[in-house]
Amino acid sequence: MNLDPLGPPAPPLRSFTHHGIEFHVYERPADMGAASARALAQRQLDLARAQARIGFLIMAAPSAFAFYESYGGLAARSKPLRDAIARTDFFQFDEYPLPASHPASFRYLLETHFFSKLRAVCAQVEFHPFTVDAAGPEEACQRYTDRVLGSGPDLQLKGVGENGHWGFHEPGVPLDQAPAFIAVKLSEENAAQQLRDHPRLFLHPSDVPREAYTANVALFLRTRVCIEDNVPQASKAFALLAAYGSDVVDAAVPSSALKRHPAATVRTTTAAAWALEEYRTRGIVTPEAVQRMAGSLGTDAPGPKDLVERLTSVLRKMDVRLA
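Here it is, written out as structure tokens:
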């Protein structure tokens, strides 16, 4: 079973392997998302021939919008994929302590942008939301941990936060925990990203919930078959460089742990990949490059001194060479 009758996606502009991870760079987010949709859909078809159920962890974020659109299109045109979807258990990464009907909840985002459209073409879609607005959050975390691990999981679509977070596993949260859903406090950097990601939902910094729940990195890394990382935004240039520029894995940049997974692929855009590609060519990060990365994080370039110092400090910790 394959998706070849649907035609190949647009090829990447460039591909390379860096510290054990495959990278593919595209001009447009739509091409990036289409490539990940095809790759994960093909894995679903293969798994459907080998096992009864398939576990799929999927991020709820604007980084995935291109994937959502393309995956839904594949499902609409491929009955074998629809059959595989009917045997797939979908799980979310993270969640705020908000009602499911709240437009800022990630359950709402997934239902609105992904699952409602998928159900329009698939008779059966099994989405298992993480419910945290009920009493007993610790018990809810344990139940969801058990359900996710019970599914495998087999497949994962992730993104990278502007400060390198994975899900809501924030910088500084230890990487060596047992696999679990955990409670976290959002960093100021993450809260600022939520304002940029969801400007219609969060009008002021005080609107962003500062407590959340997330799978931790150890749970994310339990994904058995493959992980696809989608990083389209220019504001992620620093995160890509910090996470993947060197072979270091450190809690300062949680997504750096993706290098520990044996089947990881990063798909990104020219707008996001420029700093990593420049570093691969030059072997050093210039002050001008740090200023440009700071400027992409919602500030006017050159970046404020404290932000430049913070980015520089993280890059040093990750053993990325600076001029």
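Every position in the sequence shown, counted from 1, becomes a number in the numbering used here once 1281 is added. We treat Cβ as the ideally placed atom computed from N, Cα and C, and that holds for glycine.
When C-alpha distances from R1597 are compared across L1557, T1546, S1527 and R1561, the shortest belongs to S1527. Distance from V1512 to R1324 at the Cβ level is roughly 20 Å; contact not present, criterion being Cβ atoms closer than 8 Å.
Taken atom to atom, the span from the alpha-carbon of A1538 to that of D1457 is near 11 Å. The shortest CA-to-CA distance from D1600 to any of A1385, Y1525 and F1346 is the one to Y1525.
Ranked by Cα distance from S1536, the first of L1294, H1446 and A1499 is H1446. Bridge pairing for A1493: V1465 [DSSP].
The residue from L1578, N1497 and T1546 with its alpha-carbon nearest to that of C1422 is N1497. Taken in chain order, the complete beta strand (DSSP E) segments of 3 residues or longer contained in the stretch 1320–1375 are 1335–1339 and 1369–1373. Put simply, the backbone Cα of P1292 is about 26 Å away from that of R1563. For D1435, the closest alpha carbon among the candidates S1359, A1464, E1469 and A1322 is that of A1322. The stretch 1403–1416 and the stretch 1466–1476 do not touch, with fewer than three beta-carbon pairs separated by less than 8 Å.
S1296 counts as exposed, since fewer than 16 other C-beta atoms from the protein chains shown sit within 10 angstroms of its C-beta. The Cβ neighbour count for D1587, taken over all protein chains shown within 10 Å, is under 16; the residue is labelled exposed. A1523 has its alpha-carbon roughly 16 Å from the corresponding atom of H1450. In the DSSP annotation of this structure, the continuous segment of the alpha helix (DSSP H) that includes Y1560 starts and ends at T1551 to R1563. When DSSP states are grouped into helix, strand and coil, Y1525 belongs to the helix group.
Here F1519 carries a helix assignment [DSSP, helix/strand/coil]. Residue range L1436 to K1439 is occupied by the beta strand (DSSP E) that includes L1436, with no alpha helix (DSSP H) assigned at that position. Secondary structure at L1390: helix, using DSSP grouped into helix, strand and coil.
C1403 carries a coil assignment under DSSP once its states are collapsed to helix, strand and coil.
Contact check for L1438 against A1345 passes: the beta carbons are separated by less than 8 Å.
Taking V1402 as the centre and dropping the five residues before and after it, the same chain places the C-beta of G1353, A1356, A1357 and R1363 closer than 8 Å to its C-beta, in chain order.
One alpha carbon belongs to G1417, the other to T1551, and they sit about 44 Å apart. T1393 counts as exposed, since fewer than 16 other C-beta atoms from the protein chains shown sit within 10 angstroms of its C-beta. Your pair D1370 and F1411 does not check out as a contact, with CB atoms roughly 13 Å apart and the cut at 8 Å.
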